[in-house]
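One structure below.
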Amino acid sequence: MARECNERCGWFKMPEIKFTKLFINGRFVDSISGKSFETRDPRSGEVIATVAEGDKEDVDLAVKAARKAFDHGKWPRISGFERGRIMSMFADLIEEHLEELAILESLDAGKLHHLCKILDIPGSSNSLRYFAGAADKIHGQTLKCSGEFHGYTLKEPIGVVGLIIPWNFPSIMFHSKVAPALAAGCTMIVKPAEQTPLTALYYAHLAKEAGIPDGVLNVVTGFGPTAGAAISSHMDVDAISFTGSTEVGRLIMAAAAQSNLKPVSLELGGKSPLIIFDDADVEKAIEIAKRAVFFNKGEVCVAGSRVFVQEGIYDEFVKKAAESLKNWVVGDPFDPHVNQGPQVDKKQFERVLQYIESGKRDGATLLTGGKACGEKGYYIEPTIFTDVKEDMLIAKDEIFGPVMSLMKFKTIEEAIEKANNTIYGLAAGIVTNDLNIANTVSRSIRAGMIWINCYAAFDRNCPYGGYKMSGFGKDLGLQALDKYLHEKTVIVPLQGSPW
Ligand code: ADP
Numbered sequence: 001m002a003r004e005c006n007e008r009c010g011w012f013k014m015p016e017i018k019f020t021k022l023f024i025n026g027r028f029v030d031s032i033s034g035k036s037f038e039t040r041d042p043r044s045g046e047v048i049a050t051v052a053e054g055d056k057e058d059v060d061l062a063v064k065a066a067r068k069a070f071d072h073g074k075w076p077r078i079s080g081f082e083r084g085r086i087m088s089m090f091a092d093l094i095e096e097h098l099e100e101l102a103i104l105e106s107l108d109a110g111k112l113h114h115l116c117k118i119l120d121i122p123g124s125s126n127s128l129r130y131f132a133g134a135a136d137k138i139h140g141q142t143l144k145c146s147g148e149f150h151g152y153t154l155k156e157p158i159g160v161v162g163l164i165i166p167w168n169f170p171s172i173m174f175h176s177k178v179a180p181a182l183a184a185g186c187t188m189i190v191k192p193a194e195q196t197p198l199t200a201l202y203y204a205h206l207a208k209e210a211g212i213p214d215g216v217l218n219v220v221t222g223f224g225p226t227a228g229a230a231i232s233s234h235m236d237v238d239a240i241s242f243t244g245s246t247e248v249g250r251l252i253m254a255a256a257a258q259s260n261l262k263p264v265s266l267e268l269g270g271k272s273p274l275i276i277f278d279d280a281d282v283e284k285a286i287e288i289a290k291r292a293v294f295f296n297k298g299e300v301c302v303a304g305s306r307v308f309v310q311e312g313i314y315d316e317f318v319k320k321a322a323e324s325l326k327n328w329v330v331g332d333p334f335d336p337h338v339n340q341g342p343q344v345d346k347k348q349f350e351r352v353l354q355y356i357e358s359g360k361r362d363g364a365t366l367l368t369g370g371k372a373c374g375e376k377g378y379y380i381e382p383t384i385f386t387d388v389k390e391d392m393l394i395a396k397d398e399i400f401g402p403v404m405s406l407m408k409f410k411t412i413e414e415a416i417e418k419a420n421n422t423i424y425g426l427a428a429g430i431v432t433n434d435l436n437i438a439n440t441v442s443r444s445i446r447a448g449m450i451w452i453n454c455y456a457a458f459d460r461n462c463p464y465g466g467y468k469m470s471g472f473g474k475d476l477g478l479q480a481l482d483k484y485l486h487e488k489t490v491i492v493p494l495q496g497s498p499w
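Numbering-wise (the working numbering), the sequence shown opens with residue 1 and increments by one.
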């Protein structure tokens, strides 16, 4: 049931917030402590809903349910084809509820509503469809053994997995982990980010409707140091897949090492370079740079926030980049004419503004933006700094906001060296029409994803993951299945062998 929104804008109908409790063993339940927390609308800072706050005891219950569903339930035992069929029904239900889900996603995360409708929510159901199709194609290998043996491998679900999700793409990240884990036959505890719990709980409800058995998909909402840490240090969780900051990735890996040595996969931060060469079309390069830095208000792990422009076009690029932002609209993400919504919460908003201040203090030149905007909510102007030096904080740290650092270079070698001068290695972009430059640079950059003449283009068939301190393990692509599977080797003597 929808009640009429929103006196203020009228761009959408406010859905009733139906799911606010933990989802454990197929039921929505209060947290054991009875505690709850507020999730807020970043357009205003007002409370959208109060959500159950899970802690260690709730995680214990969820793990117990997932363990039982894994050890004795049907999900890991039915055919991959049947799992795929149920996952496809889950995808159908998401598409049926697209409107409501897209509203919740925009409300919770401040994401552009029209993009949630065409990207975030359909991208989520399509992840389920992609891995539904893979569920019956998970094969081991036949091994050629020396001697009189036959050897083969079996791919088996790894067990109970903990999936810890960030707030910048709550739906896409949820399904980029849940879909391959379901296809593999795992059972799971998902912890959405505390800033954006609403769509995850809705997905739990739809999973049950689709016929995913109780205990297979559990959602524990709550905070990182409590609920998240309880998952990563749990002795009965068999693997963790995490997306979030490098700092938290380190904690998760340590917790895994100190508990049961569960394998972890980490998709972490970045400070990705975008390198624009002299032969590029400047207008097109600017559009790519805007997509690289300002897409999703800069709250993007792969944000190409270090933009290196070759000296021959640098001045023209700077002038036209500033001009092109004059028509850029920051505002309510439900307004279809808006380019950029609010940062996710007050903490991020303040953090980004602090980085902007550090850029000013360190002597970078503010070309555009540089401050908050709007009367309320967490809006920040798209900001470009020139004269940025590589040792400034704005050139080194992941800002996770709409802040571009522009730097000049002369030669290909210099561009490669500067691009690689980072602790991170998540992604990079190259803008050139010269095939030799594109090939040389793409092979020389130590990052897991390279875009040539585009940026932040994803496809569910293209694996995605980092180098260096951006983590390891892949989301997307069939490779994403690997982290939810064990590969078991079986060796059998053939007739006539001495055994
Ligand atoms: P931040 O909110 O500071 O940007 P992250 O982006 O790294 O932090 O958070 C991503 C996810 O990791 C969220 O679901 C968060 O609750 C969770 N998390 C935070 N701290 C921990 C922790 N110590 N252990 C496990 N998960 C955590």
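Backbone N, C-alpha and C fix where the C-beta goes; we use that ideal spot for every residue, glycine too.
For residue i, which residues from the same chain have a beta carbon less than 7 Å from its beta carbon, with the 5 sequence-adjacent residues on both sides left out?
| i | result |
| --- | --- |
| residue 491 | 145, 149 and 151 |
| residue 203 | 174 |
| residue 359 | 385, 392 and 394 |
| residue 213 | 69, 73, 74 and 75 |
| residue 365 | 385, 386 and 387 |
| residue 23 | 201, 204, 218 and 219 |
| residue 255 | 229, 232 and 233 |
| residue 215 | 25, 26, 65, 66, 68, 69, 73 and 187 |
| residue 454 | 288 |
| residue 30 | 21 and 52 |
| residue 35 | 53 |
| residue 181 | 161, 163, 188 and 484 |
| residue 141 | 152 and 153 |
| residue 40 | 46, 47, 48 and 345 |
Looking only at its own chain, which residues have a Cβ that is under 8 Å from the Cβ of residue i, when we skip the five neighbours before and after it?
| i | result |
| --- | --- |
| residue 137 | 80 |
| residue 397 | 271 and 355 |
| residue 133 | 84 |
| residue 147 | 497 |
So residue i and residue j are supposed to be a Cβ contact under 8 Å. How far apart are they, rounded?
| i | j | result |
| --- | --- | --- |
| residue 220 | residue 191 | 5 Å |
| residue 183 | residue 481 | 7 Å |
| residue 109 | residue 344 | 6 Å |
| residue 483 | residue 88 | 22 Å between Cβ atoms; not a contact. |
| residue 333 | residue 106 | 5 Å |
| residue 249 | residue 471 | 6 Å |
| residue 166 | residue 243 | 5 Å |
| residue 267 | residue 400 | 14 Å between Cβ atoms; not a contact. |
| residue 285 | residue 275 | About 10 Å separates the two Cβ atoms, so there is no contact after all. |
| residue 431 | residue 280 | 4 Å |
| residue 32 | residue 206 | About 25 Å separates the two Cβ atoms, so there is no contact after all. |
| residue 226 | residue 56 | 7 Å |
Would you mind sorting residue i into buried or exposed? The rule is 16 or more other CB atoms within 10 Å of its CB.
| i | result |
| --- | --- |
| residue 304 | buried |
| residue 311 | exposed |
| residue 560 | Since the displayed the chain opens at 1 and closes at 499, residue 560 lies outside it and no answer follows. |
| residue 177 | buried |
| residue 197 | buried |
| residue 428 | buried |
| residue 102 | buried |
| residue 339 | buried |
| residue 1 | Residue placement at residue 1 is poorly supported in this model, since its pLDDT is 26, which falls under 50; the coordinates still yield a value, given next. So residue 1 counts as exposed. |
| residue 235 | exposed |
| residue 59 | buried |
| residue 489 | exposed |
| residue 409 | buried |
| residue 497 | exposed |
| residue 160 | buried |
| residue 16 | exposed |
| residue 47 | exposed |
| residue 97 | buried |
| residue 411 | exposed |
| residue 113 | buried |
| residue 13 | exposed |
| residue 462 | exposed |
Near residue i, what residues of its chain come up, given a Cβ to Cβ distance below 6 Å and the 5 sequence neighbours on each side ignored?
| i | result |
| --- | --- |
| residue 368 | 322, 325 and 384 |
| residue 179 | 127, 128 and 131 |
| residue 253 | 264 |
| residue 379 | 330, 342 and 373 |
| residue 433 | 279 |
Which complete beta strand (DSSP E) runs does the segment 126-154 hold, if anything under 3 residues is left out? none
Give the residues whose C-beta lies closer than 6 Å to at least one heavy atom of ligand 1, in chain order. 164, 165, 166, 191, 193, 194, 223, 224, 225, 228, 229, 232, 244, 245, 248, 251 and 252
Where in the segment 169-245 do unbroken runs of the beta strand (DSSP E), each at least 3 residues long, occur, reported from the N-terminal end onward? 187-191, 217-219 and 239-243
Going along the chain, which unbroken runs of the beta strand (DSSP E) with 3 or more residues stay wholly within the segment 342-417? 365-368, 383-386 and 403-409
In the segment 43-103, which residue ranges form an unbroken beta strand (DSSP E) of at least 3 residues, counting only runs that do not cross its ends? 46-52
Length at least 3, wholly inside the segment 431-489: the beta strand (DSSP E) runs in chain order: 449-452
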